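> Handing you this structure, nothing more for now.
There are 2 protein chains.
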Amino acid sequence: MKELERLLDRVIQRVNINLRELEYDVNPLVHNLIPLNQMTKFYAFYGITPNHPLNLQFRHSNLAGSYFLGRCRVTNSLLYKSDIRGDELKQKDDLFQYQEFEIPMAEDEEIEIEDSFLIKTLVHNFSHDPETLEKFFIKDTISTQYANIHGSPSNGSFLGPFATVDLTTIRDCLIGTFSYIQAGEVSHLNIEPGTVWVRSPETFNFLYRFPLQRLNNYIYFTAGSSPRGIFIDFVEDRKEAFQRVFDVLNLEPSVSVPSSASLDRFAVIKPKTHISENVLVSQRAYLQNAWLGKGANAQEQSYIINSRLEGNDITAHGAKIIEARLGKDVFVGFNCFLRGRPESQLTIGKDSIIMPHTIIDIHKPLKIPAGHLVWGLVTNEKDLDNNSMSLKAFAKIETRFSKGDMIFEGSGSEFVTTFKERIHHILEANGAFFNGISNKGHAQQNQNISFNTIQPYPKGEKEGLYPTIIIRP
Amino acid sequence: MKELERLLDRVIQRVNINLRELEYDVNPLVHNLIPLNQMTKFYAFYGITPNHPLNLQFRHSNLAGSYFLGRCRVTNSLLYKSDIRGDELKQKDDLFQYQEFEIPMAEDEEIEIEDSFLIKTLVHNFSHDPETLEKFFIKDTISTQYANIHGSPSNGSFLGPFATVDLTTIRDCLIGTFSYIQAGEVSHLNIEPGTVWVRSPETFNFLYRFPLQRLNNYIYFTAGSSPRGIFIDFVEDRKEAFQRVFDVLNLEPSVSVPSSASLDRFAVIKPKTHISENVLVSQRAYLQNAWLGKGANAQEQSYIINSRLEGNDITAHGAKIIEARLGKDVFVGFNCFLRGRPESQLTIGKDSIIMPHTIIDIHKPLKIPAGHLVWGLVTNEKDLDNNSMSLKAFAKIETRFSKGDMIFEGSGSEFVTTFKERIHHILEANGAFFNGISNKGHAQQNQNISFNTIQPYPKGEKEGLYPTIIIRP
């Protein structure tokens, strides 16, 4: 156990060094988060398919409940319940478009994780930093519960619970609880809790801040104690269902899965779930009485309960959809919490975009019209008025606009176009457009994954640490 | 799947080249044995503890249901349900006594397995070949169901079902069904089925041949079909019980296990089994209503059913003990099949030695007196007279002796002494003499094993093959 403690201390120290300019000490925030004594009981696993370039290396590392696809390196690291999907890694000679530059890849992209401390975290690759296209590093970064690191190299940063860093290279940053950052490249920033920030330098800037008092009911985190609130209760209540899928080695799917769709064997599927063609259900997704139309997806750590998704809907990482009906082509962003109730369903019209980190929590039926953009905290019609807009109207913004707690600067039309392009890319990458021959994506290529489980040393100095494991094709 | 088939063909070809002097073609013997189509469904696993030197490397290999402890290498190989225990590997600078030579180890001993095809096989290390003390190679060898390779480097050989090669380096040999060979070093030999041969060159030579007609009821194997007979029925009937222990990732023991004893989590334990101090129950052992006294052991693939072992009893790999009562210090050798019946129990007096590959199958109660040596096939009192002798009497043989189908040449006293020393070594190595402080053995050191499971490629050219996996401390 000693070496594991030493490793943890070193990671904390390094992050503190990186954050010294922000005068921040992560020590009290971290020490309650990781159940060191339980580290020997966890096991890690990783997926192997013929479709993903394999080069896993774990050196003197600890990792638990992981899921790796594609190239990777983990050196002297702590991880915990991480999904690190290398399924969109760039390959040698691929061309990467950055502004007017076409940059050819010098070598195959790799993920590197070093001296990192990530818990219950998703790291999804596709590095967008044009300076380090071949590397997807995550060095001394501490990422707490349900934080997402998505397409985002990071270094020396601290991510609070349910924080998301998306397509953003962060260095020496503090990302507050439930904050969402999609901002290109940032360093030495202290992002307050409940910040939703989408920036494309010189093109647009979207900023929303949650009213903290109200957000605290959902998620509240302070030094010295574990995070709490409705989000935590929600996931804790459903924890047990995952026990079985993680306890058993081979699990046959409990629903019928079309040959063009993919249901991860580590997802929880409750009756009466329906999976259509081209659907992707990822690891640690939770589906209960969920009807998924053609090309819809349920990404890692998403929950879809008593809901119907008509087709080509995106349920991003960590999003929750409860008692809702979604038209076609609805996008539900990272960590959204959309909770209708049996007597008061939530309806979302087709082509709508629910911004990442949106909370909709209603006690009366609520209808979001087709083609709308929704953000922030919505508990009734009035909130909806303050926190939504038709995409058509939004595209007309030319310089500056504010509504409720949201401020927008720049080109609304660029914002909408960029968002729609990304949605198209996500559907494409996930295999929603597969026609039986071409347009294969994750739904088709992530079928038939071999899962390999590994356990750490059970005793001695190295208790809780894993031996070095190198896997090559 | 193609690469897997290619690999199998290559191994068969190499063994055939090695066996060309014996004019033998293993092709028709092998093709029914390995369920190639199921190879993708199997998974392999290996154990990790702080007490065993770790250096596993699997390169382009296939392996399924394995169990590795200690250093190992597997190159371009097929294995299947193998236990390869590296828990008695010699270390650098250890002194190995061979006749008048004290040979220091040049480096840590390693196991190497290359282009091999082993199914349902145990390979237990501790190489005794003074020429290759640091290597425990098993190159192009095909070993069929329930064969044991024990302390025995081997190359270019074919082992029939339930064959055992014990402390014998074999090269280019055919070892017939249910034959037991402990003969130092042999090459280019064709050992007939049902041969029990224990030789210490220039000291003694023990030879027994089973009456083939009678042996065929127990185990019969011929080209083009699967082995059949009572042995196969017996293990097949109990196969299902193993399903559960292999399907689940973590399994809590169902009986109380003293802190000085060790119960492998891949053993099957049925009520009402009792485990005393210093007991070792190994992987794939099967215990049902079994009472194990202090220091008794149940080694890999042994079965103990409705039986009582008083203490310091050895149940060697693959031995079956049914409806029997064993006094203290009874040795039951490899693949023995001792079957009493509820109305006709088998009783074995203390200090007796049941030779490896002995069949006792009775319909009337039978008592073996204390301090006896038993061999061959015994179904009644008369058989017992023909196939047993007191160890005291045996020790008096000085030149040559025969009884029933057994022939002995050389020093009976050396034979008994050598056997007793080995029994003492086995008990010692297994931790039977642990006093709470010293004399630790496998029962104490094989506790708290981490188990790691790996699965092969699920699809494509490499279907059924594993990626290269390197594990280091």
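Residue numbers (the numbering used here), protein chains in the order written: chain A, 266 to 738; chain B, 266 to 738. A virtual CB, placed ideally from N, CA and C, is assigned to each residue, including glycine. On a predicted model such as this, the values are computed, not experimentally measured, just so you know.
Tell me the DSSP bridge mates of Gln257 of chain B?
The displayed coordinates of chain B run from 266 to 738. Any statement about residue 257 of chain B would go beyond what the structure contains.
> Give the DSSP bridge partners of Ala563 of chain A, in chain order.
A:Val546, A:Thr580
> Can you name the start and end residues of the beta strand (DSSP E) that Val639 of chain B belongs to?
Annotation: the continuous beta strand (DSSP E) that includes Val639 of chain B extends over 637-639.
> Taking its Cβ as the centre, do 16 or more other Cβ atoms sit within 10 Å of Leu360 of chain A, making it buried, or is it exposed?
exposed
> Taking the alpha carbon of Thr644 of chain B as the point to measure from, which residue in B:Gly605, B:Gly636, B:Thr434, B:Asn562 has its own alpha carbon closest?
For the options B:Gly605, B:Gly636, B:Thr434, B:Asn562, the alpha carbon positioned closest to that of Thr644 of chain B is the one of B:Gly605.
> The beta strand (DSSP E) that contains His690 of chain B, what's its start and end?
Careful: His690 of chain B lies outside any beta strand (DSSP E), inside the alpha helix (DSSP H) at 677-694.
> Identify the contact partners of Asn717 of chain B in chain A, using a Cβ-Cβ distance below 7 Å as the criterion.
Thr718, Ile719, Gln720
> What are the start and end residues of the alpha helix (DSSP H) that includes Gln356 of chain A?
Element bounds for Gln356 of chain A: n/a, residue is neither H nor E.
> With burial defined as no fewer than 16 other Cβ atoms inside 10 Å of the residue's Cβ, what is the status of Phe427 of chain A: buried or exposed?
buried
> Using C-beta distances below 6 Å, list every residue in its chain close to Gln364 of chain A, excluding the 5 sequence neighbours before and after it, in chain order.
none
> In whole angstroms, give me the CA-to-CA distance for Lys357 of chain B and Ile368 of chain B.
11 Å
> The alpha helix (DSSP H) with Leu603 of chain B in it runs from where to where?
No alpha helix (DSSP H) holds Leu603 of chain B; the beta strand (DSSP E) holding it covers 602-604.
> With a 10 Å radius around its C-beta and 16 neighbouring C-beta atoms as the bar for buried, classify Ser527 of chain A as buried or exposed.
buried
> Using 8 Å as the threshold, is the segment 635-655 of chain B in touch with the segment 500-517 of chain B, meaning 3 or more CB pairs across them?
no
> Assuming the contact rule is C-beta atoms closer than 8 Å, Ile696 of chain A and Leu545 of chain A should be a hit. Round their C-beta distance to whole Å, please.
Per the sequence presented here, residue 696 of chain A reads as Gly, with Ile not at that position. 6 Å between Cβ atoms; contact.
> Taking all protein chains shown into account, do 16 or more other C-beta atoms lie within 10 angstroms of the C-beta of Ser653 of chain B, making it buried, or fewer, making it exposed?
buried
> Tell me which residues of the segment 446-457 of chain B have at least one Cβ-Cβ distance to chain A shorter than 8 Å, keeping chain order.
The residues in question: there are none.
> Using the three-state DSSP reduction, which class does Pro293 of chain A fall into: helix, strand or coil?
Under the three-state reduction of DSSP output, Pro293 of chain A falls in the helix class.
> Kindly examine the ligand FMN and report whether one of its heavy atoms sits closer than 7 Å to the Cβ of Arg479 of chain A.
Of the ligands one can find in the structure shown there are none, so the ligand FMN has no counterpart to examine.
> Per DSSP, what kind of secondary structure is Phe596 of chain A in: helix, strand or coil?
Here Phe596 of chain A sits in strand by DSSP.
> Which same chain residues end up closer than 6 Å to Ile735 of chain B when comparing Cβ atoms and leaving out the 5 residues on each side of it in sequence?
Gln322
> DSSP on Lys615 of chain B, reduced to helix/strand/coil?
Reduced to three states, the DSSP call for Lys615 of chain B is coil.
> Rounded to whole angstroms, what is the Cα-Cα separation between Asn600 of chain A and Ile618 of chain A?
14 Å
> Can you name the start and end residues of the alpha helix (DSSP H) that Lys267 of chain A belongs to?
267-283
> At the level of alpha carbons, what is the spacing between Leu631 of chain A and Ser655 of chain A?
Roughly 16 Å between the two C-alpha positions.
> Any idea what DSSP makes of Val510 of chain B, helix, strand or coil?
helix
> Note down the Cα distance separating Ala584 of chain A from Ile613 of chain A, rounded to an integer number of angstroms.
15 Å
> Can you tell me whether His637 of chain B is buried or exposed? The criterion is at least 16 other CB atoms within 10 Å of its CB, across all chains shown.
Counting other Cβ atoms within 10 Å of its Cβ, His637 of chain B reaches 16 or more and is therefore classed as buried.
> Three or more C-beta pairs under 8 Å: does that hold for the segment 680-698 of chain B against the segment 691-709 of chain A?
no
> Does Asn341 of chain A get closer than 8 Å to chain B when you measure Cβ to Cβ?
No, Asn341 of chain A does not count as interfacial toward chain B.
> What are the boundary residues of the alpha helix (DSSP H) that His317 of chain A is part of?
Where His317 of chain A is concerned, there is no enclosing alpha helix (DSSP H), because DSSP gives it neither an H nor an E.
> Threshold first: 3 residues or longer. Then list the beta strand (DSSP E) segments lying entirely within the segment 472-529 of chain A, N to C.
Runs of the beta strand (DSSP E) spanning 3 or more residues and lying entirely within the segment 472-529 of chain A do not occur at all.
> Would you kindly check if the distance between the Cβ of Lys724 of chain B and the Cβ of Asn713 of chain A is under 8 Å?
Result yes, Cβ atoms of Asn713 of chain A and Lys724 of chain B sit closer than 8 Å.
> Taking the continuous alpha helix (DSSP H) assigned at Ala589 of chain B, which residues delimit it?
Premise fails: Ala589 of chain B lies in the beta strand (DSSP E), 589-591, not in any alpha helix (DSSP H).
> Taking the alpha helix (DSSP H) that Glu646 of chain B falls in, what are its first and last residues?
646-651
> Going by the DSSP bridge assignment, what does Arg665 of chain A pair with across the sheet?
DSSP output for Arg665 of chain A lists A:Glu674 as bridge partner(s).
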